[in-house]
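Trainee:
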Amino acid sequence: MNEMLFPIAVFFAAAFTNNILLTNYLGMCSFLSVSKEIETSAGLGIAVTFVMALTTALNWVVYHLILVPFELEYLRFIVFIIVIAAFVQLIEMVIERYSEGLYFALGIFLPLITVNCAILGASLFMVIRDYSFITTFFFGLGSGIGWFIAIMAMAGIRQKLKTAKIPVGLDGAGIALIIAGFMAMAFMGFSGMITIS
Amino acid sequence: MITTLLISVLVITAIAMVLAILMVIADATVGNYGEVHININQKKDLTVRGGQPLLKALNNEGVFIPSACGGRGSCGLCKVRVIEGGGAYLPTELPWISDEEKKENVRLSCQFKVKNDVSIMIPEELFSVRQFETKVESLVDLTHDIKQVRLKLIDPPTIDCKAGQFVQFQVPEYELTDEMVYRAYSMASIPSDNTHVELEIRQVPNGICTTYVHQHLKEGDTVSINGPYGDFFLRDTDRDMICIAGGSGMAPLKSIILDMAEKKSTRKVRYFFGARSKRDLFLLDEMKAIEKDMPSFKFIPALSEPLEEDNWDGEVGLITDVVGRLTENASESEAYLCGSPGMIDACIKVLKELGMPEERIYYDKFA
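Chains as they are written, first to last, in the working numbering: chain Z, 488 to 684; chain P, 837 to 1203.
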């Protein structure tokens, strides 16, 4: 594929065909617990997108400039986790100080995101798939937007569910998981459009 | 082999160190809000370190705002009017703030951080809230999971409170908490004994304060409390009273009833106490003694699941059913409830169905 277009292709693939939530099932815990209201889901979705785009890029730098030269690739799990946690903490402090609006929109979600496996997942995929820096940034951004789309769709459905009759045993997480399954099947419709390995 | 090990350790340490240094720098620059001023009721001026929650800043300066959850944003009690320097509401405050309160700039002080000079309004009586140094005089097991803690006030030596109010118990750092926390408990003691405070504390699995009290606290230990707080106290009317409690909800009602008995009240009081089985009942003798002392008082314990060995011949059933069955003249009475949120909500529903106006139902919900 054209060198210039590849990052764009990866971006769309990450958002749709290889949606990190619905095809890889990463980031499930916050997806299930915070998807009850559209407004909070949007806040969390935006925060995930923001953090994912920046941390995957940052982790690319750490990986290729520190871990690879020292042949310490096997340490990437722990290093990525440390970098993500510290970065999120720093971002939270900066946002709290300088942007009240952004802090109110994202602030309470940021600590939640540190432990979101989708964030770590994106960084690890970036290594496995051997992306360049630019591609990595678009991959992170696309994955985040894919996660955002998935949680927004889920929140929309769950708001409708409030008035629906659900069998007692399935109420709550049960029905949410079934819906996630249907959504994943629906997203399979995108497969084949673009492929990234 | 050794070199690989050394390199990996060094690299990880270096990365962690760089990040830690960045955080320290950020904390000192971005996270440093300098000193800010808090003006209270246009009377008192405090200078505090910026960036901390208002509740904590006030607490450190000896102004105590009631809070049952200890600043986690889960009880909604620590409301304060911020008339200047407030800024926008945080999403964590919104569930507790009504539209009218928004117009008055009411904020949840445990969530609102003081980053610039603010001016706030608090009820005058909160100035009379004091921090007390006390000594544990006795610890008594009331049931298998409720302990009675009797505290002797040392400094200041007396407390001026109303029956039914609560105090906050300060839990120091120990294995379950790495910072000092406060938890609210109702006083079970009679207000006329103003040199002592009695609390009834039920063990909650992994509860920070309850575990501390049940497993670490010993007679002779010193304990800090602050108070009194709360608007759960006897209203000055002569309506018949219905009191309902469960578990450690006994505490404020015991205080109210002891106070009434001492003042030779003739109001008709029915006190329904709900428990699962006989081992959850306590203070039965004390209640009998009050019944003798105050003929208009009747204590009605009810068991929801009496065991066979209990040989129980009293009331059986959920407390709501027993109240529904035995209450007459609800529309002319008033009610005082204390217990878990589930119990209180169910009891309010029953009392309203019996015809009691909602504004005459007073309650103290565990948060």
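All C-beta atoms, glycine included, are put in the ideal place defined by N, C-alpha and C.
Please read all numbers here as calculations on a predicted model, not as lab measurements.
Could you check whether Z:Phe677 and Z:Phe685 sit closer than 8 Å to each other, using their CB atoms as the reference points?
Mentor: As displayed, chain Z neither begins before 488 nor continues past 684, which places residue 685 of chain Z out of reach and without an answer.
Trainee: Can you confirm whether the stretch 1114-1134 of chain P touches the stretch 1164-1176 of chain P when touching is taken to mean that 3 or more C-beta pairs between the two stretches lie within less than 8 Å?
Mentor: Not touching, per the Cβ criterion.
Trainee: Can a CB atom of chain Z be found closer than 8 Å to the CB of P:Val847?
Mentor: Closer than 8 Å to some Cβ of chain Z, the Cβ of P:Val847 qualifies, so yes.
Trainee: P:Leu858 touches chain Z at which residues, Cβ-Cβ below 9 Å?
Mentor: Ordered by position in chain Z, the residues that pass the 9 Å Cβ test against P:Leu858 are Ala573 and Leu577.
Trainee: Pairs of beta-carbons, one from the stretch 1034-1054 of chain P and one from the stretch 997-1013 of chain P, closer than 8 Å: are there three or more?
Mentor: Touching, yes, given that three or more Cβ pairs across the two stretches are closer than 8 Å.
Trainee: Assign P:Met1130 to buried or exposed, taking buried as 16 or more other Cβ atoms, counted over all protein chains shown, within 10 Å of its Cβ.
Mentor: P:Met1130 should be labelled buried.
Trainee: Express the C-alpha separation of P:Met1096 and P:Asp1072 in angstroms, rounding to a whole number.
Mentor: P:Asp1072 and P:Met1096: Cα-Cα distance of roughly 11 Å.
Trainee: Give the secondary structure of Z:Ile595 by DSSP, where H, G and I count as helix, E and B as strand, and everything else as coil.
Mentor: Coil at Z:Ile595, not helix or strand.
Trainee: Please identify the residue among Z:Ile565, Z:Phe624 and Z:Phe626 whose C-alpha is closest to the C-alpha of Z:Val602.
Mentor: Z:Val602 has its Cα closest to that of Z:Ile565, out of Z:Ile565, Z:Phe624 and Z:Phe626.
Trainee: Pairs of beta-carbons, one from the stretch 931-944 of chain P and one from the stretch 959-974 of chain P, closer than 8 Å: are there three or more?
Mentor: No, the stretch 931-944 of chain P is not in contact with the stretch 959-974 of chain P.
Trainee: Can you check DSSP and say which residues form a bridge with P:Leu1035?
Mentor: The partner list for P:Leu1035 (beta bridge, DSSP) reads P:Val985 and P:Met1023.
Trainee: Verify whether the separation of the beta carbon atoms of P:Leu962 and P:Ile901 is less than 8 Å.
Mentor: It is a contact, given that the beta carbons lie within the stated cut-off.
Trainee: Can you tell me whether Z:Thr543 is helix, strand or coil according to DSSP?
Mentor: In the structure shown, Z:Thr543 sits in a helix (DSSP, three-state: H, G or I).
Trainee: In angstroms with no decimal places, state the Cα-to-Cα distance between P:Asp1074 and P:Arg1103.
Mentor: Their Cα atoms are separated by approximately 6 Å.
Trainee: So, at 6 Å on beta carbons, what are the nonlocal neighbours of Z:Ile632 in its own chain, with the 5 sequence-adjacent residues on each side left out?
Mentor: Result list for Z:Ile632: Ala502 and Thr536, in chain order.
Trainee: I'd like to know whether the C-beta atoms of Z:Val549 and Z:Val570 end up nearer to each other than 8 Å.
Mentor: Yes; because the gap between Cβ atoms is below 8 Å, this pair is in contact.
Trainee: Terminal residues of the continuous beta strand (DSSP E) containing P:Thr840?
Mentor: Segment Ile838 to Thr865 is the alpha helix (DSSP H) holding P:Thr840; no beta strand (DSSP E) there.
Trainee: Can you check DSSP and say which residues form a bridge with P:His873?
Mentor: DSSP, once it has assigned bridges, lists P:Thr883 as partnering P:His873.
Trainee: Between which two residues does the alpha helix (DSSP H) containing P:Ser1066 stretch?
Mentor: For the record, residue 1066 of chain P in the displayed sequence is Gly; it is not Ser. Looking at the DSSP string, P:Gly1066 is not in any alpha helix (DSSP H), and its letter there is neither H nor E.
Trainee: Is it right to say P:Arg908 is buried, meaning 16 or more other beta carbons lie within 10 angstroms of its own, or is it exposed?
Mentor: Result: exposed.
Trainee: Note down, one range per segment and in chain order, each alpha helix (DSSP H) of at least 4 residues found wholly within the stretch 1073-1147 of chain P.
Mentor: List check, alpha helix (DSSP H) in window: 1086-1098 and 1120-1129.
Trainee: Where does P:Leu1054 fall in DSSP's three states?
Mentor: The displayed chain sequence assigns Lys, not Leu, to residue 1054 of chain P. Coil, per DSSP.
Trainee: Strictly below 7 Å CB to CB, what residues from chain Z border P:Ser1022?
Mentor: Simply none; closest approach about 32 Å.
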